[in-house]
Structures are given as C-alpha cells and as structure tokens.
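So for the sequence shown, the working numbering puts the first residue at 569; every next one is plus one.
Using N, Cα and C, we set each Cβ at its ideal position, and we do this for glycine too.
The model shown is predicted, which means the values in this text are computed figures rather than measured ones.
Down below is the structure, laid out as structure tokens.
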Amino acid sequence: VIPEIVRDLSSKRVLTMSFEPGCLITNSERITKEGVSTKDVARLLTAVFAELMFNSGFVHCDPHPGNVLVRPAPSGARGRGGTKAPQIVLLDHGLYRQIGPDVRVNLCELWKGIV
569 VIPEIVRDLS
579 SKRVLTMSFE
589 PGCLITNSER
599 ITKEGVSTKD
609 VARLLTAVFA
619 ELMFNSGFVH
629 CDPHPGNVLV
639 RPAPSGARGR
649 GGTKAPQIVL
659 LDHGLYRQIG
669 PDVRVNLCEL
679 WKGIV
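Next comes the structure, spelled out in structure tokens:
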C-alpha cells in the first residue's frame, strides 16, 4: 500500500500523505498478536522491494523500519499455515532513484550468486 499524496498540503520540500494504520515492521509481538506470520511478512517485504527494484527499476532511498508498516490484509486472505495474510504499507516516498537495466541485471546476478 502506498499512501495517497495530499497535494494541497505538499510542497517542493514537504510531502504530505494520507494516514494509513499499521504497526512498525519491527514490532513482531504485535504482528503475531494480529494473527499475521512474521515469515509471511518477510516474504512479502522481499517481494515488494524486488518488484520495485528489479521490475520497475526504482529504489526507495530511505527504507528503514520506521518507513514500513504491517497490517492484516483487509480482504481476509490467508497466508501460509492459515494465518492472516499481511499487507505492507510503505511510507516516505520523497526520495527514489531510478536504476537502469544494466544495473538491474547486475543486481539479479549478485542475488543469484548469494542464493
């Protein structure tokens, strides 16, 4: 989930976005209490950043835990093992970098070598 930009309250220096509920990705106790598997969260977060980087060619330049929220998916979908499926909320979209195809291929080869 990407919060919506509130254009009337944004400027060149300030990006104002809609409020989105969720808990910090580092709060594993609350994530588990919400009925979401932390393993499913890890898989989804990996997939989200892989999609951004490898398919779209964009890199979020401030990806710290305070900019990633987790909540149960509103659809009632189930994750692995019957837990609630997670939904990721990415915050702070003020700085992105676009990477070209050559860099993306090199990153793919790097991750392939690591795996």
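Reduced DSSP category for residue i - H, G, I as helix; E, B as strand; rest coil
{"i": "residue 658", "result": "strand"}
{"i": "residue 593", "result": "coil"}
{"i": "residue 598", "result": "helix"}
{"i": "residue 612", "result": "helix"}
{"i": "residue 570", "result": "coil"}
{"i": "residue 646", "result": "strand"}
{"i": "residue 671", "result": "helix"}
Backbone CA spacing between residue i and residue j [nearest angstrom]
{"i": "residue 681", "j": "residue 672", "result": "14 angstroms"}
{"i": "residue 646", "j": "residue 653", "result": "5 angstroms"}
{"i": "residue 580", "j": "residue 661", "result": "13 angstroms"}
{"i": "residue 571", "j": "residue 683", "result": "33 angstroms"}
{"i": "residue 667", "j": "residue 630", "result": "15 angstroms"}
{"i": "residue 669", "j": "residue 611", "result": "24 angstroms"}
{"i": "residue 587", "j": "residue 594", "result": "19 angstroms"}
{"i": "residue 575", "j": "residue 590", "result": "23 angstroms"}
{"i": "residue 605", "j": "residue 569", "result": "18 angstroms"}
Proximity to residue i [Cα-Cα], best of the options
{"i": "residue 573", "options": "579, 585, 581, 580", "result": "585"}
{"i": "residue 658", "options": "649, 615, 582", "result": "615"}
{"i": "residue 664", "options": "644, 603, 625", "result": "625"}
{"i": "residue 592", "options": "571, 656, 576, 668", "result": "656"}
{"i": "residue 644", "options": "582, 578, 610, 603", "result": "603"}
{"i": "residue 608", "options": "627, 628, 651", "result": "651"}
{"i": "residue 635", "options": "649, 679, 617", "result": "617"}
Sheet register partners of residue i (DSSP bridge)
{"i": "residue 640", "result": "654"}
{"i": "residue 626", "result": "666"}
{"i": "residue 604", "result": "652"}
Between the segment 594 to 604 and the segment 639 to 650, are three or more C-beta pairs nearer than 8 angstroms?
yes
At a cut of 8 angstroms, does the segment 613 to 625 reach the segment 660 to 678 through at least three beta carbon pairs?
yes
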